[in-house]
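Student:
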Amino acid sequence: MEALVNVLADGTPAPYGKACTSCVKAKCRCMYRMGGPECERCHRLSKTCVPSQSIRKRNGRRLNGSRAAQLEEKLEGLVSLLRSQSTGIQNVPLSTPASAPDPVAATTATSMPMPMAIAPLIGPPTNPHEIRGIGPGLSVPMFDLDFNNGPTDPRLAVLAPQNHSNGIDLPNTIVREEDCVFAPVRTKCQPNKARPATARGALLSRVFEPRVAQGPEVDLAPRDIPTCGYQPTDLEAEECLKSFRESMLIFFPFIYLPSSLTARQLRDSQPFLWFNIMTITCRRADDQYLMSDAVWKFVAQKMIIEHGKSLDLLWGLMTLMAWTHYHRKEKPYFSVLVSLVKSLVFDFCLNKPPREAALSICLRNKTEPLPSKEKTMDERRAVLACFYITSQISHVMKRVDALAWTPYMDECLQLLSRQPEWDGDVLLAAEVKIQLLTEQLTRAIWQSPDSVAPAYFSSALKSQLRDLQSQLPAHILRNPTIRAHILFLELAIVESIDIKPGGQASHAPDLQHFETLEASLQLVKKWFDNHFSMPSYMYTGVTFMYWCNMGKCVTSLVQLAFEVEDPAWDRQAVKERVDIFGILDGVIRGFDDVSGMKRQQSTESVEEDMFTRCARLVRVMRRNWLADTINTDHRLPTGMAVAPQVTLVGQEDDPLSMPIFQMDNEKSQTWMAEFFEMNWDP
Numbered sequence: 013m014e015a016l017v018n019v020l021a022d023g024t025p026a027p028y029g030k031a032c033t034s035c036v037k038a039k040c041r042c043m044y045r046m047g048g049p050e051c052e053r054c055h056r057l058s059k060t061c062v063p064s065q066s067i068r069k070r071n072g073r074r075l076n077g078s079r080a081a082q083l084e085e086k087l088e089g090l091v092s093l094l095r096s097q098s099t100g101i102q103n104v105p106l107s108t109p110a111s112a113p114d115p116v117a118a119t120t121a122t123s124m125p126m127p128m129a130i131a132p133l134i135g136p137p138t139n140p141h142e143i144r145g146i147g148p149g150l151s152v153p154m155f156d157l158d159f160n161n162g163p164t165d166p167r168l169a170v171l172a173p174q175n176h177s178n179g180i181d182l183p184n185t186i187v188r189e190e191d192c193v194f195a196p197v198r199t200k201c202q203p204n205k206a207r208p209a210t211a212r213g214a215l216l217s218r219v220f221e222p223r224v225a226q227g228p229e230v231d232l233a234p235r236d237i238p239t240c241g242y243q244p245t246d247l248e249a250e251e252c253l254k255s256f257r258e259s260m261l262i263f264f265p266f267i268y269l270p271s272s273l274t275a276r277q278l279r280d281s282q283p284f285l286w287f288n289i290m291t292i293t294c295r296r297a298d299d300q301y302l303m304s305d306a307v308w309k310f311v312a313q314k315m316i317i318e319h320g321k322s323l324d325l326l327w328g329l330m331t332l333m334a335w336t337h338y339h340r341k342e343k344p345y346f347s348v349l350v351s352l353v354k355s356l357v358f359d360f361c362l363n364k365p366p367r368e369a370a371l372s373i374c375l376r377n378k379t380e381p382l383p384s385k386e387k388t389m390d391e392r393r394a395v396l397a398c399f400y401i402t403s404q405i406s407h408v409m410k411r412v413d414a415l416a417w418t419p420y421m422d423e424c425l426q427l428l429s430r431q432p433e434w435d436g437d438v439l440l441a442a443e444v445k446i447q448l449l450t451e452q453l454t455r456a457i458w459q460s461p462d463s464v465a466p467a468y469f470s471s472a473l474k475s476q477l478r479d480l481q482s483q484l485p486a487h488i489l490r491n492p493t494i495r496a497h498i499l500f501l502e503l504a505i506v507e508s509i510d511i512k513p514g515g516q517a518s519h520a521p522d523l524q525h526f527e528t529l530e531a532s533l534q535l536v537k538k539w540f541d542n543h544f545s546m547p548s549y550m551y552t553g554v555t556f557m558y559w560c561n562m563g564k565c566v567t568s569l570v571q572l573a574f575e576v577e578d579p580a581w582d583r584q585a586v587k588e589r590v591d592i593f594g595i596l597d598g599v600i601r602g603f604d605d606v607s608g609m610k611r612q613q614s615t616e617s618v619e620e621d622m623f624t625r626c627a628r629l630v631r632v633m634r635r636n637w638l639a640d641t642i643n644t645d646h647r648l649p650t651g652m653a654v655a656p657q658v659t660l661v662g663q664e665d666d667p668l669s670m671p672i673f674q675m676d677n678e679k680s681q682t683w684m685a686e687f688f689e690m691n692w693d694p
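Residue numbers in the sequence shown follow our numbering, run continuously in steps of one, and reach 694 at the last position.
1) Taking Thr418 as the reference, give the member of Cys361, Leu332, Thr493 with the closest Cα.
2) Is the beta carbon of Ile505 closer than 8 angstroms to that of Ser470?
3) Using DSSP bridges, identify the partner residues of Thr331.
4) Mind listing, in chain order, the continuous alpha helix (DSSP H) runs of no fewer than 4 residues lying wholly within the stretch 434–474?
5) Is the Cβ-Cβ distance between Ala31 and Ser64 less than 8 angstroms?
6) Only counting the same chain, and skipping five residues up and downstream in sequence, which positions put a Cβ closer than 7 angstroms to that of Val395?
7) Do Ser406 and Val412 count as a contact pair if the criterion is CB distance below 8 angstroms?
8) Taking the alpha helix (DSSP H) that Ser271 falls in, what are its first and last residues?
9) How long is the line joining the alpha carbons of Pro492 and Met546, rounded to whole angstroms?
10) Compare the Cα-Cα distances from Ile509 to each of Ser460, Ile488, Ile494 and report the closest residue.
11) Considering only residues of the same chain and omitting the five flanking positions on each side of Glu50, which have a CB-CB separation below 6 angstroms?
12) What's the gap between the Cα of Arg188 and the Cα of Leu83?
13) Using only CA atoms, which one of Trp581, Glu248, Arg41, Ser255 lies nearest to Tyr549?
14) Taking the alpha-carbon positions, what's the Pro366 to Phe346 distance?
15) Quick check for students: name the residue ranges of the alpha helix (DSSP H) that lie wholly in the stretch 563–604, counting only runs of 4 or more.
16) Would you call the CB atoms of Leu285 and Gly328 closer than 8 angstroms?
17) Expressed to the nearest angstrom, what Euclidean distance is found between the alpha-carbon atoms of Thr24 and Ser34?
18) Excluding five sequence neighbours on each side, which residues of the same chain lie with their C-beta closer than 6 angstroms to the C-beta of Met12?
19) Identify whether Met609 lies in helix, strand or coil by the three-state DSSP scheme.
20) Of the residues Leu503, Arg611, Trp335, which one's Cα is nearest the Cα of Phe263?
21) Would you mind giving the Cβ-Cβ distance between Phe266 and Met330, rounded to the nearest angstrom? I have them listed as a contact below 8 angstroms.
22) Apply the 10 Å Cβ neighbour rule to Trp458 and answer buried if 16 or more other Cβ atoms are within range, or exposed otherwise.
23) Could you tell me the distance, in whole angstroms, from the CA atom of Lys86 to the CA atom of Ser98?
24) In the structure shown, what three-state DSSP assignment does Asn204 receive?
25) Quick check: the Cα distance between Phe544 and Thr528, rounded to an integer number of angstroms?
26) Look at the Cβ atom of Leu477, then the Cβ atom of Leu439, and state whether they are nearer than 8 angstroms.
27) Taking Cβ positions, are Ser429 and Leu503 nearer each other than 8 angstroms?
28) Less than 8 angstroms separating the beta-carbons of Ala26 and Cys42?
29) Of the choices Met46, Gly47, Arg53, Val566, whose alpha-carbon is the least far from that of Val695?
30) Quick check on DSSP: helix, strand or coil for Met46?
31) So if DSSP puts Cys32 in a beta bridge, which residue, or which two residues, is it bridged to?
32) Among Asp359, Arg628, Tyr338, Met333, whose alpha-carbon lies nearest the alpha-carbon of Leu349?
33) Taking buried to mean at least 16 other C-beta atoms within 10 Å of its own C-beta, is Gly29 buried or exposed?
34) In the structure shown, what three-state DSSP assignment does Cys398 receive?
35) Quick one: is Glu433 buried, meaning 16 or more other Cβ sit within 10 Å of its Cβ, or exposed?
This is how it looks when you write it as structure tokens:
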């Protein structure tokens, strides 16, 4: 037992960090020895036992709190440093505006170290009641300061004395606010009190609070409105809104804008719609194209990047689509616009009846009544207008599908017809009803293998159109817009049955084919008679699809006068009955009148407006077609006594210089696209 005790006594291990250097190098366990100062290993090996020096690394002081709290402490220290340095210049008076020296020179002249955030304050005061630290030119009487409720002027908030019963009050920083990087802050230090969790970040928000701009108020454009280098004044905006309400909504009344609604109110409530209205009613082409580019950038940012959705966007996009001839058209975009408009309709479920979400149905108490989610008249109007404009584009382009018609949309149409809020509702309902028949014809042609509607289907459409005309009010039937829609639909029905370009006619006379051609000629003539019955100043408000329909009527007239190969059809008689070049002259005169009126109302612009360009292109087209007519018939057209000097302008692949007897249906669409500067091909 005694031997075991001796072994344990002699085998005491060295504490951590106290091993001798020999054992440390040998990486052996250092055991203390009771009989001497050396360890067991050094005694056994007869080595000098040298104790090692303790060089243990100790961890630095850990910072308490989060990173935000550490930043706040540093900022507090910085503010305290600035205040301590500014105490030496608190008694330096301000300079007056009349005798204010150069602040830069004053800064360099003084030897006192000053932080960059504090401007020099040099110069004797001219008024003993001026408060130091306000800045030159700001004289504030002492009775204007309320020391109980704080300063009446927010710029003097840093000068209001505060009663601090607890804690240490740091000195105020007397600086000019307009010369400071950040506003001075009064801080109260309270020892032995932890910083509350709710105060975290308070110093950051106070120190880096944005400065309030002094001087005249600036009207900043919100994020929901496009921005560009041109913005109409309040007076110009009122005139543009009046022009839109009186000249454009009579052709496409997709929204109700009361006469009491001002341009400022519309800008605040529907900013994107307001900007689109200002764009299409702008009288100067340069500013108009500048605003057009801003619209496209805004649509890309708001809808594609930010996934924005609102009725304001829907109304603005329909304005862009309906009067797109006022915008710059460099690349094909109709399919994109149609997709964006339809996506907004789907997101808001405008084409479906209101219903409660499945989750809310599960969580709702059965005894509670269902909340009312009835659609507004604006929403009903919007979905009907969306169908109308997309169906028209689908009929003209034949590349995109219109918004599908639903039973709920039929309910909206009936409600709009029975309970109109204004006269435009009756007009919109009539346009939609006519377009429903056009959509049926378009789908029938698409589904037909030979792109020809069956005869029985065309007869049924004619019967439905007659019934619709009998139901419409008399004043609606006299509307030139409705008459143009009805005549164009009748022409589309007739042409879908039997009219074909040359090379597909029979050698034997066909009475039914002759009747179809005669009906087409009469409808084209009536369409242009209705067009010329409108005053030329109304041309500024017609929609883009109206001009496309006019182009289709021109091509139909050309086919009837130059292309149809039928023994029973006398093309020369057509040229004598219908003055083709007289119609073109009337179109040119109308475009010239509108472009001249726009030039009188605005300053000169670099860009060509739509009507100036169209007048120029119609002149080129008329000259080329007249040359083809003389070369083909070897005679002058009816009404021309002297042959004008005409030459073919342009290359062979130019649609505007294309000979009229070579124009088929596909090329006629290319001609219309070129004529209206509309790039439909990707």
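Just so you know, even glycine gets a beta-carbon here, dropped at the ideal spot from N, CA and C.
Tutor: If we stick to the structure as given:
1) Within the sequence shown, numbered from 1, the residue matching residue 418 stands at position 406. Minimum Cα distance to Thr418 is reached at Cys361.
2) As a position in the sequence shown, residue 470 is number 458, starting the count at 1. As a position in the sequence shown, residue 505 is number 493, starting the count at 1. Going by C-beta atoms, Ser470 is nearer than 8 angstroms to Ile505.
3) Residue numbering aside, residue 331 sits at position 319 when the sequence shown is read from its first letter. Thr331 is not bridged to any residue.
4) Fully enclosed alpha helix (DSSP H) runs of 4 or longer: 435–459.
5) The residue labelled residue 31 in the question sits at position 19 within the sequence shown. The residue labelled residue 64 in the question sits at position 52 within the sequence shown. Yes.
6) One-based indexing of the sequence shown puts residue 395 at position 383. Taken in chain order, the residues that qualify are Val357, Leu362, Asn363, Met421, Cys424.
7) Stepping through the sequence shown from its first residue, residue 412 is reached at position 400. Stepping through the sequence shown from its first residue, residue 406 is reached at position 394. A Cβ-Cβ contact shorter than 8 angstroms links Val412 with Ser406.
8) Looking up residue 271 in the sequence shown gives position 259. Looking at the DSSP string, Ser271 is not in any alpha helix (DSSP H), and its letter there is neither H nor E.
9) For the purposes of this step, residue 492 is taken as residue 480 along the sequence shown, with counting starting at 1. For the purposes of this step, residue 546 is taken as residue 534 along the sequence shown, with counting starting at 1. When rounded, the distance between both Cα atoms is 7 angstroms.
10) On the sequence shown, residue 509 is found 497 positions in, with the first residue counted as 1. Considering only alpha carbons, the answer is Ser460.
11) Along the sequence shown, one-based indexing puts residue 50 at 38. Within its own chain, the residues whose Cβ lies closer than 6 angstroms to the Cβ of Glu50, once the five positions on either side in sequence are excluded, are Cys61, listed in chain order.
12) Numbered from its first residue, the sequence shown carries residue 188 at position 176. Numbered from its first residue, the sequence shown carries residue 83 at position 71. Confidence in Arg188 is poor, its pLDDT being 44 and thus under 50, which makes the residue's placement unreliable; the coordinate value appears in the next sentence. Pairing Arg188 with Leu83, the inter-Cα distance amounts to about 26 angstroms.
13) Residue numbering aside, residue 549 sits at position 537 when the sequence shown is read from its first letter. Minimum Cα distance to Tyr549 is reached at Ser255.
14) Counted from its first residue, the sequence shown places residue 366 at position 354. Counted from its first residue, the sequence shown places residue 346 at position 334. Approximately 29 angstroms between the Cα atoms of the pair.
15) For the stretch 563–604, whole alpha helix (DSSP H) runs of length 4 or above, ordered along the chain, are 583–589.
16) Numbered from 1 along the sequence shown, position 273 holds the residue referred to as residue 285. Numbered from 1 along the sequence shown, position 316 holds the residue referred to as residue 328. Taking a C-beta distance under 8 angstroms as the contact criterion, Leu285 and Gly328 qualify as a contact pair.
17) For the purposes of this step, residue 24 is taken as the residue at position 12 of the sequence shown. For the purposes of this step, residue 34 is taken as the residue at position 22 of the sequence shown. Cα to Cα, the separation comes out at about 17 angstroms.
18) Nothing can be reported for residue 12, as the shown portion of the chain is limited to 13 through 694.
19) Mapped onto the sequence shown, residue 609 falls at position 597. Note: Met609 maps to helix in three-state DSSP.
20) In the sequence shown, counting from the first residue as 1, residue 263 sits at position 251. Answer by Cα proximity: Trp335.
21) By one-based count along the sequence shown, residue 266 stands at place 254. By one-based count along the sequence shown, residue 330 stands at place 318. Confirmed, about 6 angstroms.
22) Walking along the sequence shown from the start, residue 458 turns up at place 446. Counting Cβ neighbours within 10 Å, Trp458 comes out exposed, since fewer than 16 surround it.
23) Here residue 86 refers to the residue found at position 74 when the sequence shown is read from its first residue. Here residue 98 refers to the residue found at position 86 when the sequence shown is read from its first residue. Spanning the two alpha carbons is a distance of roughly 18 angstroms.
24) Mapped onto the sequence shown, residue 204 falls at position 192. Note on Asn204: pLDDT 44, under 50, position unreliable in the model; no value is reported.
25) Working through the sequence shown from its first residue, we reach residue 544 at position 532. Working through the sequence shown from its first residue, we reach residue 528 at position 516. Distance from the CA of Phe544 to the CA of Thr528, rounded to the nearest whole angstrom, comes to 25 angstroms.
26) The sequence position of residue 477 within the sequence shown is 465, counting from 1. The sequence position of residue 439 within the sequence shown is 427, counting from 1. It is not a contact, given that the beta carbons lie outside the stated cut-off.
27) Within the sequence shown, residue 429 is the residue found at index 417, counting from 1. Within the sequence shown, residue 503 is the residue found at index 491, counting from 1. In terms of Cβ geometry, Ser429 and Leu503 do not form a close pair [threshold 8 angstroms].
28) Walking along the sequence shown from the start, residue 26 turns up at place 14. Walking along the sequence shown from the start, residue 42 turns up at place 30. Yes, these two residues count as a Cβ contact at 8 angstroms.
29) Nothing can be reported for residue 695, as the shown portion of the chain is limited to 13 through 694.
30) Counted from its first residue, the sequence shown places residue 46 at position 34. Correct three-state label for Met46: coil.
31) In the sequence shown, the residue the question calls residue 32 occupies position 20. DSSP, once it has assigned bridges, lists Pro63 as partnering Cys32.
32) Position 337 of the sequence shown, counted from the start, is the residue given in the question as residue 349. Minimum Cα-Cα distance from Leu349 among the listed residues Asp359, Arg628, Tyr338, Met333 corresponds to Met333.
33) Position 17 of the sequence shown holds residue 29. Exposed, because fewer than 16 other Cβ atoms sit within 10 Å of the Cβ of Gly29.
34) Here residue 398 refers to the residue found at position 386 of the sequence shown. Secondary structure of Cys398 (DSSP, three-state): helix.
35) For this step, residue 433 is matched to residue 421 along the sequence shown. Exposed is the call here.
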